[in-house]
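Each residue of the sequence shown is one higher than the last, beginning at -17 in the numbering used here. Reviewing the structure listed below.
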Amino acid sequence: MLKPVVEIKNIGVLTSGGDSPGMNAAVRAVVRSATKSGIEVLGIKHGYRGLISGEIELMDTHSVSNIIQKGGTILKSARSDEFRTKEGRAKAAKNIKKHGIDALVTIGGDGTFTGANILSEEHGVNVVGVPATIDNDIIGTDETIGYDTALNTALEAMDKIRDTADAHERMFLVEVMGRDSGFIALLTGIAGGAELVLLPEELTDVKEVKAQLNSMLENQVRSSLIVVAEGDEIGGAIKLAEQLKGDFDKYDMRVCILGHIQRGGSPTARDRVNASRMGAEAVKVLLEGHSDVMVGVVNNQTKITPIRVAVSRKKELDQGLLELARILR
Ligand code: F6P
-17 MLKPVVEIKN IGVLTSGGDS PGMNAAVRAV VRSATKSGIE VLGIKHGYRG
33 LISGEIELMD THSVSNIIQK GGTILKSARS DEFRTKEGRA KAAKNIKKHG
83 IDALVTIGGD GTFTGANILS EEHGVNVVGV PATIDNDIIG TDETIGYDTA
133 LNTALEAMDK IRDTADAHER MFLVEVMGRD SGFIALLTGI AGGAELVLLP
183 EELTDVKEVK AQLNSMLENQ VRSSLIVVAE GDEIGGAIKL AEQLKGDFDK
233 YDMRVCILGH IQRGGSPTAR DRVNASRMGA EAVKVLLEGH SDVMVGVVNN
283 QTKITPIRVA VSRKKELDQG LLELARILR
């Protein structure tokens, strides 16, 4: 983690992968804390794609005015296929050298961190990762930037769907994001009082789902909300609806896919504060001589974790919360 880095005079910053609310707050914190320490900051547009094509421009404290409350990312984001190739990464490393970038702050999720790790291994680039993804699937931090906002967005939708489900005595299959990770589904399910939550981390037995729905019918439950993570074993809410069709017509079933609504919107206070803390910490640890780490907030304290460790395993769902969801349904 402590690498004899060159004196840091210039930091590059990018956002990459799926955007998440609070990325702007993190960019702002990187720019403002670096410039206060006399470090020049270069903003890289469109993530690794822009690093390869050279979309690099100087930022100053005014470039990040009036953005802390905004969703999306002023630096734009992308998923770059070219960066997955050795040739693409060599081009990126060349641009890093050309622009005199001494260290790179990469803001994003597991794909972004994997890219940063390879760039460091192959080309010796000093990198610090700031975890930002609505999926919350990164170890080394209690929450990733954007997760809290996405959760609250999904919950608000659940409450609204609950009203109409109740009025019409219908069953709703509500699909939330999370291809490989069930954090949004599980917490939305608990907070929204879902009757059932289906997660990518667990096997979905359709027979068992049907048995539970039958027992709800026997108990006169007239309306229900089932939260389905997009990456659950069955393959999402539409596929589940197809499998339930015919058996539960009494429920007058409907599917509602929340989709990219969960990625947008103004970040919550929690995401803004976490993002500000982590962005500033990224600069601080670089100036202290650390590299190839990610920053996080654990038990309300900032913490660094080697980036190779962060990409080596996925954060697991809390067993206690899984049990709670079962008890409360
Ligand atoms: O960024 C995470 C995420 O929102 C996942 O929850 C989802 O599976 C995926 O990104 C969707 O990606 P895209 O916007 O590229 O379709």
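The beta-carbon is built from N, C-alpha and C at its ideal position, and this holds for glycine as well. Bear in mind the structure is a predicted one, so any value in this text is a computation, not a measurement.
Report whether the distance from the Cβ of residue 159 to the nearest heavy atom of the ligand F6P is below 6 Å. yes
Report the rounded CA-to-CA distance for residue 86 versus residue 202, giving the unit in angstroms. 58 Å
Quick check on residue 153: does DSSP put it in helix, strand or coil? strand
Separation of residue 78 from residue 246, as counted between CA atoms: 30 Å
Return helix, strand or coil for residue 27, following the three-state DSSP convention. coil
Backbone CA spacing between residue -9 and residue 84 [nearest angstrom]: 7 Å
Distance, residue 107 Cα to residue 282 Cα: 29 Å
Would you say the beta carbon of residue 117 comes nearer than 6 Å to a heavy atom of the ligand F6P? yes
Distance cut-off 6 Å: residue 82 Cβ against heavy atoms of the ligand F6P: no
Could you check if residue -14 is buried or exposed, using at least 16 other CB atoms within 10 Å of its CB as the buried criterion? The predicted position of residue -14 is uncertain, since its pLDDT is 45 and thus under 50; a value taken from the coordinates is nonetheless stated next. With fewer than 16 other Cβ atoms within 10 Å, it is exposed.
CB of residue 148 within 7 Å of CB of residue 102, strictly: no
Sequence-distant residues of the same chain with beta carbon closer than 8 Å to residue 260, five excluded per side: 8, 11, 112, 113, 123, 127, 277, 278, 279, 284
Are the CB atoms of residue 71 and residue 104 nearer to each other than 7 Å? yes
Using 10 angstroms around the beta-carbon of residue 46, count the other beta-carbons present and answer buried if the total reaches 16, otherwise exposed. buried
May I have the straight-line CA-CA distance separating residue 166 from residue -2, to the nearest angstrom? 20 Å
Over what stretch of residues does the alpha helix (DSSP H) that includes residue 39 continue unbroken? First-last for residue 39: 38 to 41, but that is the beta strand (DSSP E), not the alpha helix (DSSP H).
Proximity test, residue 0 beta-carbon vs the ligand F6P heavy atom, cut-off 6 Å: yes
Whole beta strand (DSSP E) runs in the region 258 to 304 with 3 or more residues, listed along the chain? 275 to 280, 283 to 288
What does a CB cutoff of less than 7 Å around residue 43 pick up in its chain, not counting 5 residues either side in sequence? 13, 14, 17
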